[in-house]
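My numbering numbers the first residue of the sequence shown as 117 and each following residue consecutively.
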Amino acid sequence: MYYFKRFWDETTGNEWTGSWGTSCFYFETAADYWPTRQIQLFDNGNALKYTTEFVEDLFGGLAECALDKDDFERYAIDAAEFELLWATVSHYPHRFQRLC
């Protein structure tokens, strides 16, 4: 497994989440860089979580393609950072303090 943290400097543009602000994505990927778990933390404190078992909902969804290895290498984090966040954050509408 690989783990990444990447800031996204745009809003989603989605009618449900577009007003939440920019966000930070956390990814867990398999060896082929396909996401298996994903967290998206927004400026307003809302958080979204997705897995291969809970792929999407009204607010968003798990990334639909493999991450580009060369593009994401510089955003690598360790498993402990991801797991701590995964265990702490709740899927919207629960609020979580932004960590980015």
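Think of the CB as a built atom: it goes at the ideal place given N, C-alpha and C, for glycine as much as any other residue.
Mapping the DSSP letters down to three states, classify residue i as helix, strand or coil.
{"i": "Ser206", "result": "coil"}
{"i": "Ala58", "result": "Given a span of 117 to 216 for the chain in the structure shown, any question on residue 58 remains unanswerable."}
{"i": "Ala163", "result": "strand"}
{"i": "Ala192", "result": "strand"}
Express the C-alpha separation of residue j and residue i in angstroms, rounding to a whole number.
{"i": "Tyr142", "j": "Leu183", "result": "12 Å"}
{"i": "Thr204", "j": "Thr145", "result": "19 Å"}
{"i": "Tyr119", "j": "Arg153", "result": "10 Å"}
{"i": "Phe212", "j": "Asp186", "result": "The pLDDT assigned to Phe212 is 43, lower than 50, so where the model puts this residue is not dependable; a value taken from the coordinates is nonetheless given after this. In a straight line, the C-alpha of Phe212 is about 30 Å away from that of Asp186."}
Let's test the definition: count the other Cβ atoms within 10 Å of the Cβ of residue i and tell me whether it reaches 16, buried, or not, exposed.
{"i": "Glu136", "result": "The question names Glu, but residue 136 is Trp in the sequence shown. Buried."}
Please name the residue or residues paired with residue i in a DSSP beta bridge.
{"i": "Leu157", "result": "Cys140, Ala163"}
{"i": "Asp173", "result": "Gly176"}
{"i": "Thr145", "result": "Tyr118, Pro151"}
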